[in-house]
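Quick notes on the structure that follows.
2 protein chains.
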Amino acid sequence: QTLSSLLSFLCLSVSAHTCVSPAIDRIAHPPSLRLSLHCSMLKVPEHQVAGHQARDGKLGPLVDDSGRFYKPLQDDDRGSNEVALYSSFSSNTRIPDHIRRFFPNFYGTQLLEASNGSGLRPHLILQDLLSDRVNPSIMDVKIGSRTWYPQASEDYIQKCLKKDRETTSLSLGFRISGLQIYGSKESRVWKPEKKLVHKFTVDDVRVILRKFVSSNISTNSNVNMDCSFAQTVYGGSAGILAQLMELKAWFEDQTMYHFNSCSVIMVYEKESVLKGGNAGPQVQLVDFAHAMEGKGVIDHNFLGGLCSLIKFVSEILIDPDEYPSKGCSEG
Amino acid sequence: QTLSSLLSFLCLSVSAHTCVSPAIDRIAHPPSLRLSLHCSMLKVPEHQVAGHQARDGKLGPLVDDSGRFYKPLQDDDRGSNEVALYSSFSSNTRIPDHIRRFFPNFYGTQLLEASNGSGLRPHLILQDLLSDRVNPSIMDVKIGSRTWYPQASEDYIQKCLKKDRETTSLSLGFRISGLQIYGSKESRVWKPEKKLVHKFTVDDVRVILRKFVSSNISTNSNVNMDCSFAQTVYGGSAGILAQLMELKAWFEDQTMYHFNSCSVIMVYEKESVLKGGNAGPQVQLVDFAHAMEGKGVIDHNFLGGLCSLIKFVSEILIDPDEYPSKGCSEG
Numbered sequence: 108q109t110l111s112s113l114l115s116f117l118c119l120s121v122s123a124h125t126c127v128s129p130a131i132d133r134i135a136h137p138p139s140l141r142l143s144l145h146c147s148m149l150k151v152p153e154h155q156v157a158g159h160q161a162r163d164g165k166l167g168p169l170v171d172d173s174g175r176f177y178k179p180l181q182d183d184d185r186g187s188n189e190v191a192l193y194s195s196f197s198s199n200t201r202i203p204d205h206i207r208r209f210f211p212n213f214y215g216t217q218l219l220e221a222s223n224g225s226g227l228r229p230h231l232i233l234q235d236l237l238s239d240r241v242n243p244s245i246m247d248v249k250i251g252s253r254t255w256y257p258q259a260s261e262d263y264i265q266k267c268l269k270k271d272r273e274t275t276s277l278s279l280g281f282r283i284s285g286l287q288i289y290g291s292k293e294s295r296v297w298k299p300e301k302k303l304v305h306k307f308t309v310d311d312v313r314v315i316l317r318k319f320v321s322s323n324i325s326t327n328s329n330v331n332m333d334c335s336f337a338q339t340v341y342g343g344s345a346g347i348l349a350q351l352m353e354l355k356a357w358f359e360d361q362t363m364y365h366f367n368s369c370s371v372i373m374v375y376e377k378e379s380v381l382k383g384g385n386a387g388p389q390v391q392l393v394d395f396a397h398a399m400e401g402k403g404v405i406d407h408n409f410l411g412g413l414c415s416l417i418k419f420v421s422e423i424l425i426d427p428d429e430y431p432s433k434g435c436s437e438g
Numbered sequence: 108q109t110l111s112s113l114l115s116f117l118c119l120s121v122s123a124h125t126c127v128s129p130a131i132d133r134i135a136h137p138p139s140l141r142l143s144l145h146c147s148m149l150k151v152p153e154h155q156v157a158g159h160q161a162r163d164g165k166l167g168p169l170v171d172d173s174g175r176f177y178k179p180l181q182d183d184d185r186g187s188n189e190v191a192l193y194s195s196f197s198s199n200t201r202i203p204d205h206i207r208r209f210f211p212n213f214y215g216t217q218l219l220e221a222s223n224g225s226g227l228r229p230h231l232i233l234q235d236l237l238s239d240r241v242n243p244s245i246m247d248v249k250i251g252s253r254t255w256y257p258q259a260s261e262d263y264i265q266k267c268l269k270k271d272r273e274t275t276s277l278s279l280g281f282r283i284s285g286l287q288i289y290g291s292k293e294s295r296v297w298k299p300e301k302k303l304v305h306k307f308t309v310d311d312v313r314v315i316l317r318k319f320v321s322s323n324i325s326t327n328s329n330v331n332m333d334c335s336f337a338q339t340v341y342g343g344s345a346g347i348l349a350q351l352m353e354l355k356a357w358f359e360d361q362t363m364y365h366f367n368s369c370s371v372i373m374v375y376e377k378e379s380v381l382k383g384g385n386a387g388p389q390v391q392l393v394d395f396a397h398a399m400e401g402k403g404v405i406d407h408n409f410l411g412g413l414c415s416l417i418k419f420v421s422e423i424l425i426d427p428d429e430y431p432s433k434g435c436s437e438g
C-alpha cells in the first residue's frame with residue numbers, strides 16, 4: 108500500500124528443490140540438495156488481508172517478482188504440519204486436476220532471512236495467488252463452525268471455541284477473517300481493520316458479501332448495496348458460486364484430508380469488468396497449519412460451513428435487490 | 108419385549124385438539140377446547156431403542172393400538188420448545204410433502220397419566236412410526252458433530268461438548284444412540300445395552316452399519332459381516348440412501364429450522380425381505396426438544412453430519428465385501 112511498507116530483502120539462501128515429495132519419501136530417498144546462491148528482491152505482499160503481516164518488524168510472508176509466495180514456518184507443530192500437508196497433497200495422485208487448481212502450487216521449502224530480522228528461517232514456497240492481480244477485491248473466509256480439532260491441547264481448544272462463539276463461526280459455519288474491496292481509482296480500496304472484522308455479526312456478513320460485489324461501496328450506508336457485479340463475480344459457469352460448488356462435490360466424497368481452520372479466498376478484479384473484460388473470479392484454499400489426515404471420514408465440519416457460504420452467495424444471486432433477506436420460519 | 112414391561116393405563120384425559128396451529132396463533136385465536144372422556148389402553152413401546160423408557164416406574168413414552176405415540180413433555184424449556192417446534196413445523200406450508208413424510212405426524216398435546224405414576228402430565232401426540240412393524244431392525248443416529256446450541260447454558264454446553272468428544276459425534280458428525288437388529292425367529296434381536304452403545308468408536312460404527320444389513324449378525328466376530336441386505340435396505344430408489352439424499356437436498360436449502368441434537372431413525376423389516384417382500388426401509392427424524400428457528404442460516408451442523416452418514420452408507424453399497432474400508436491419504 109504505502110512505500111514505507113515495502114521492505115526488500117537480499118537473500119542468501121539454501122534451497123531444497125526436491126521437497127515436493129511427501130516427508131516420508133524424502134527420508135527413504137534422500138534428495139540431491141542443490142545449493143544455490145539465490146539473489147532476489149523479496150517484498151511484503153501488497154494485498155494481504157488476513158494472517159500475520161511482515162510489517163513493522165514482524166514475522167510474515169514475503170513475495171518475489173516471479174509469482175512466488177514465501178510463508179515463514181511457525182516454530183511449533185504448525186510449521187512442520189503445514190509442510191507435511193503440502194508435501195502429501197502435492198504428491199497425492201488421487202487429487203483430480205479440477206480440484207488441484209483450488210490449491211496453491213507448492214515448490215518446497217527454503218531458508219530465508221525472516222522479515223522480522225531474526226535470521227534464517229525455513230519458509231514454504233508457494234504460488235503467489237495475487238501476483239497477476241492489479242486491483243483485486245479479496246475476501247478471506249475461514250471455513251468451519253469449529254476451528255479446533257480433537258487432538259489439540261485443552262488450552263488451544265478452549266481458546267478456539269471462545270473465538271468461534273464470539274465470531275460468526277458457530278452460527279454461520281464460517282467467519283470473514285479479512286477483506287479488501289476495490290472501489291475506484293479515486294476511492295481505492297475499503298479494507299476494514301482486523302478489530303472491526305473480528306466483530307462482524309451475522310447481519311454484517313450478509314452485508315459484506317453484497318458489498319463485495321457492489322459498485323457503491325463508498326456510501327456510508329450499508330443497507331442499499333447495488334450488487335452490480337453479483338452476476339459477473341458470483342454467477343456464471345466460471346463464477347465463484349460454480350467454483351464453490353465444485354469444491355463442495357469433492358468435499359462430499361473425499362476422506363483424505365480434514366482442512367481444520369482453513370480459509371477460502373475469493374478474488375476478482377473490478378477494474379477489468381468496468382473495461383468490459385473478465386472479472387477473473389477465483390476461489391482458493393489456503394492455510395493448512397491445522398489440516399490433517401481424514402482417516403476415511405469426510406470433513407463434515409468444512410463441508411457444512413462451505414454449504415452455508417454457498418447458500419449466502421446463492422441468495423445474493425437469486426435476489427440481488429433484496430435486503431435484508433428473509434429467513435424466518437413463519438409461513 | 109417381556110410381558111412384565113407391558114404396562115397399561117386407563118386414562119382420564121383432557122385433550123386440546125387444536126394444538127396443531129403455532130403457539131402464537133393459539134394466543135390470538137383461543138381454541139375451542141373439547142373436553143372428552145378418553146379411554147384407551149396405553150403401553151410401553153415394544154421397539155424403543157434410545158431415549159428415556161417407561162419401564163420400572165420411570166417416565167417415558169407410551170403408545171396406543173391406533174398408531175399414536177405419546178411422548179411426555181419435559182418440565183423445563185425442552186417440553187415447551189418441542190411443542191412449539193412441532194406446532195410450527197406441522198402448520199408450515201413451506202415444507203414440501205416429500206420432506207414432511209420424514210417427520211412424524213403431530214396431533215397436538217394431551218394430559219395423560221405419566222408412566223412413572225406421578226399423575227397427569229402433558230404429552231405430545233405423535234404418529235407411532237413403528238405401529239405397523241412386526242420385527243423391525245432399528246437404528247437411532249443422533250446427527251451433528253455438535254449437540255449443543257449457542258443459546259444454551261454454560262453447564263449444558265460443557266456437558267454436551269464432553270459427550271460429543273467422548274463419542275463419535277465430534278469425529279464423525281454423528282453418533283449411534285441406540286439400535287436393535289433383528290436376527291431370526293430363533294435368535295430374535297441383537298440390542299446392545301446403552302453403556303455399550305455409548306462406547307462405540309469410529310470403527311465400531313463402520314461395523315454396526317454393516318451389521319445392520321447383514322444376515323450373519325449372530326456370529327461372534329464382527330469382522331466378516333455379509334451385508335446381504337445392503338442393496339435391499341440401503342440401496343435402490345426407495346432405499347435408505349435415497350431417502351437420506353432427499354433430506355440432504357432439503358438441508359442444503361432450508362433455513363427455517365436448526366435440528367440441534369435431533370436423530371435420524373432408520374428402520375426396515377428383515378423377515379419381509381426373506382419372504383420375498385419389500386424391506387420397507389424408512390428414514391424419520393425425531394426428537395425436537397432442542398430444535399429451533401434457523402433465522403435464515405442453513406443447519407450446517409446437521410447437514411455436515413448427514414453427509415458423513417451418507418458417505419458411510421454409500422461406501423457399504425459400493426463395496427459390501429470390503430472391511431475395513433480404506434481411507435488413508437497415502438497415494
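Chains as they are written, first to last, in this note's numbering: chain A, 108 to 438; chain B, 108 to 438.
Where is the CB? At the ideal position from N, CA and C, for every residue including glycine.
Per DSSP, reduced to three states, the secondary structure at F281/B is strand. Among the CB atoms of chain A, one or more fall inside 8 Å of the CB of H407/B.
No Cβ-Cβ contact shorter than 8 Å links L166/A with Y177/A. Residue pairing by DSSP puts Y364/B in a beta bridge opposite E400/B.
Put simply, of F395/A, L192/A, R253/A, V380/A the residue whose alpha carbon is nearest the alpha carbon of G411/A is R253/A.
Using a 10 angstroms sphere on the CB of G251/B, the tally of other CB atoms reaches 16 or more, which defines it as buried. Interface annotation, G411/B: in contact with chain A, CB-CB separation under 8 Å. In chain order, V296, W297, I324, S325 place their CB closer than 7 Å to the CB of G290/A, counting only its own chain and leaving out the 5 sequence neighbours on each side. Within the DSSP secondary-structure output, I288/B pairs in a beta bridge with W297/B.
Residue contact check for V248/A against chain B: no CB pair falls below 8 Å.
Pairing F366/A with Y193/B, the inter-Cα distance amounts to about 36 Å. Contact annotation for L354/B against chain A: no contact, minimum CB-CB distance about 14 Å [criterion: below 8 Å]. Rounded to whole angstroms, P179/B and F395/B show a C-alpha spacing of 13 Å. DSSP links K178/B through a beta bridge to L231/B. Annotated three-state conformation of D247/A is strand, per DSSP.
With its beta carbon less than 8 Å from one in chain A, P257/B belongs to the interface. Contact with chain A is found for K418/B, since one of that chain's Cβ atoms lies less than 8 Å from the residue's Cβ. For L277/B, the C-beta contacts it makes with chain A under 7 Å involve P257, in order along the chain. Comparing alpha carbon positions, the residue from P243/A, L237/A, S321/A closest to S379/A is P243/A. Contact between V304/B and I283/B holds, with the beta-carbon distance rounding to 6 Å and staying under 8 Å.
The DSSP-derived three-state label of L149/A is strand.
Less than 8 Å separates the beta-carbon of A157/B from that of D247/B. Segment contact: the region 195 to 213 of chain B against the region 257 to 274 of chain B, fewer than three CB-CB distances shorter than 8 Å; contact not assigned. For S370/A, the pairing in a beta bridge is given by DSSP as K249/A, V393/A.
Going by C-alpha positions, F358/B is about 45 Å away from Q217/A. Taking C-beta separations shorter than 6 Å and ignoring five residues to either side along the sequence, the partners of V393/A in its chain run S370, I372, following chain order. Contact between L236/A and V374/A holds: their C-beta atoms lie close to 7 Å from each other, under 8 Å. Contact of S197/A with chain B is not assigned, every C-beta pair being separated by 8 Å or more. In this structure, DSSP gives G412/B a helical state, which the three-state scheme calls helix. Judged by DSSP in its simplified three-state form, V170/B adopts strand. Against S252/A, the close residues of chain B are S252, R253, H407, N408, G411, in the order they occur along the chain (beta-carbon pairs closer than 9 Å). Under the three-state reduction of DSSP, Y263/A is assigned to helix.
Contact between F209/B and L416/B does not hold, since the beta-carbon distance rounds to 14 Å and is not under 8 Å. Contact check for A161/A and S225/A: beta-carbon distance about 12 Å, past the 8 Å limit, so the pair fails to qualify. By the beta-carbon neighbour count (other beta carbons within 10 angstroms, threshold 16), G164/B is exposed. Boundaries of the beta strand (DSSP E) harbouring G215/B: 213 to 220, taken from the DSSP string.
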